[in-house]
Amino acid sequence: EGGGDMAAGGAGDREGRCGAAAGGLALLGLAPGAPSCPHGPALLFVKTSQGKEEGRRFYACSACRDRKDCNFFQWEDEKVSETRLAAREEYNRNHQPFFTHRQNVERYKNFVLLPLSKRRFCQECQQLLLPDEWEKHSDHQFLCDISTAQLKSPSRLLYPLENKKTNAQYLFADRSCQFLLDLIIDLGFRRVLSVGTPRLHEIIQSKASQEEDFRVRSLLLDIDFRYSQFYAEDEFCHYNMFNHYFFGGE
1 EGGGDMAAGG
11 AGDREGRCGA
21 AAGGLALLGL
31 APGAPSCPHG
41 PALLFVKTSQ
51 GKEEGRRFYA
61 CSACRDRKDC
71 NFFQWEDEKV
81 SETRLAAREE
91 YNRNHQPFFT
101 HRQNVERYKN
111 FVLLPLSKRR
121 FCQECQQLLL
131 PDEWEKHSDH
141 QFLCDISTAQ
151 LKSPSRLLYP
161 LENKKTNAQY
171 LFADRSCQFL
181 LDLIIDLGFR
191 RVLSVGTPRL
201 HEIIQSKASQ
211 EEDFRVRSLL
221 LDIDFRYSQF
231 YAEDEFCHYN
241 MFNHYFFGGE
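Under the UniProt record's numbering, the first residue of the sequence shown carries the number 1, and numbering increases by one thereafter.
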């Protein structure tokens, strides 16, 4: 059973990266005024030798451990020109999702109004398709007749992200989710932050929609923006837990 899907599999890697014994690279944390990449504020690192700092401190991406996925790098004491800063800001903007969360909410509202025969999901783009978008995706593989049950369980509709150095997703089994939900109920909790645990969020949402007297509510925080296609803004936040960054603002 894996945990959540917030760059999972990375927990062990990142613990190693934080220690002096692991490749001589230590994580110093999130520094005030840190520069940003498309994944939010960068983290501060330093090379170490026998537990002591050795060399210059530098900033690198908080979410990606492979520079092929995000090649952000800046020395801590580096002077960055206004031109380069402007180019970086433009780059960050251009590497955000095509649709905003609010736009995805409106798209979902339109999607659920469609008859079953017109509900399609592009498997290559991992996107719910509206009829006027079919032609653009005509050479892609897609699923047809997307049911309400499928829309309520997006973790089963979406492909798991499998890049171990960015977002290796491990999803809870139904039995694990039920155990956690029973525990939450027994402890009397009413508000749940599901950090990188979409399956737990789904089971809470499902139970809340089916049982009028069920009082538990969940908010999903996840770096996987694909989930914004299925949830309102009070049900999902695009979130990077490694730097505590909300992509849509606080």
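We put the beta carbon where it would ideally sit given N, CA and C, even for glycine.
Whole-angstrom C-beta distance between residue j and residue i, which should lie under 8 Å
i: residue 42; j: residue 61; result: 6 Å
i: residue 27; j: residue 45; result: 6 Å
i: residue 224; j: residue 161; result: 7 Å
Reduced DSSP category for residue i - H, G, I as helix; E, B as strand; rest coil
i: residue 216; result: coil
i: residue 46; result: strand
i: residue 84; result: helix
i: residue 161; result: coil
i: residue 149; result: helix
i: residue 186; result: helix
i: residue 52; result: strand
i: residue 22; result: Note that residue 22 has pLDDT 47, beneath the 50 cutoff, so the model's placement of it is unreliable and no number is given.
i: residue 101; result: helix
i: residue 127; result: strand
Beta-carbon proximity check, residue i vs residue j, cutoff 8 Å
i: residue 126; j: residue 151; result: no
i: residue 338; j: residue 154; result: A question about residue 338 goes unanswered here, because the residues of the chain that appear run from 1 up to 250.
i: residue 57; j: residue 78; result: no
i: residue 260; j: residue 37; result: One cannot answer for residue 260 here, as it falls past the ends of the chain, which runs 1 to 250.
i: residue 196; j: residue 241; result: yes
i: residue 229; j: residue 59; result: no
i: residue 64; j: residue 101; result: no
i: residue 137; j: residue 129; result: yes
Neighbourhood of residue i by C-beta distance below 7 Å, restricted to the same chain and skipping five residues each side
i: residue 117; result: 145
i: residue 220; result: 194, 198, 201, 227, 231, 235, 236
Cutoff 6 Å; reference residue i; Cβ partners in own chain excluding five residues on either side
i: residue 55; result: 47
i: residue 252; result: Nothing about residue 252 can be reported from this structure: the residues present for the chain run from 1 to 250 only.
i: residue 218; result: 192, 194, 201, 204
i: residue 103; result: none
Cβ-based neighbour list, residue i, same chain, cut-off 8 Å, excluding 5 preceding and 5 following
i: residue 83; result: none
i: residue 140; result: 122, 123, 124, 125
Does the segment 109-126 come within contact of the segment 234-246, defined as at least 3 CB pairs closer than 8 Å?
-> By the C-beta criterion, the segment 109-126 is judged not to be in contact with the segment 234-246, since fewer than 3 inter-stretch pairs fall below 8 Å.
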